[in-house]
Amino acid sequence: MFSNPIEKIVRYLHEVGDPILTIAATVERNADALRQAEAEVVRCRRKLKESRRLLLACVKHHYVVSEIETADVMCNRQNH
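Numbering (our numbering), first residue to last: 76 to 155.
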């Protein structure tokens, strides 16, 4: 519809009142909070992936593949 978010557009409207500016400021804070939360999710996913990789390497160092596969089957049975 517009090429800019509405919270940016309202600044350029003539004689825009405090209620609209207040709502726009709230929207900007919410958008910023969302950006930060999304960045945190990305960071957490990366950390989870790295820690799983480390755990798998440790497990493979101490167990043979057949033992790991057996444990995987047991895990599936337990979760169903």
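Where is the CB? At the ideal position from N, CA and C, for every residue including glycine.
Specify, as a first and last residue, the run of the alpha helix (DSSP H) that residue i falls within.
i, result
"Ser126", "93-137"
"Met149", "140-153"
"Glu82", "81-84"
In whole angstroms, what separates the C-alpha of residue i from that of residue j?
i, j, result
"Ala132", "Val85", "54 angstroms"
"Ala106", "Asp93", "20 angstroms"
"Glu115", "Leu123", "12 angstroms"
"His89", "Arg110", "29 angstroms"
"Leu96", "Arg152", "57 angstroms"
"Val139", "Thr145", "10 angstroms"
"Asn79", "Thr101", "17 angstroms"
Return the Cβ separation of residue i and residue j in integer angstroms, given the expectation that the two are a contact with Cβ distance under 8 angstroms.
i, j, result
"Glu82", "Ala99", "4 angstroms"
Output yes if chain C places a C-beta closer than 8 angstroms to the C-beta of residue i; else output no.
i, result
"Lys122", "Within the model displayed, chain C is absent; a lone protein chain is all it includes."
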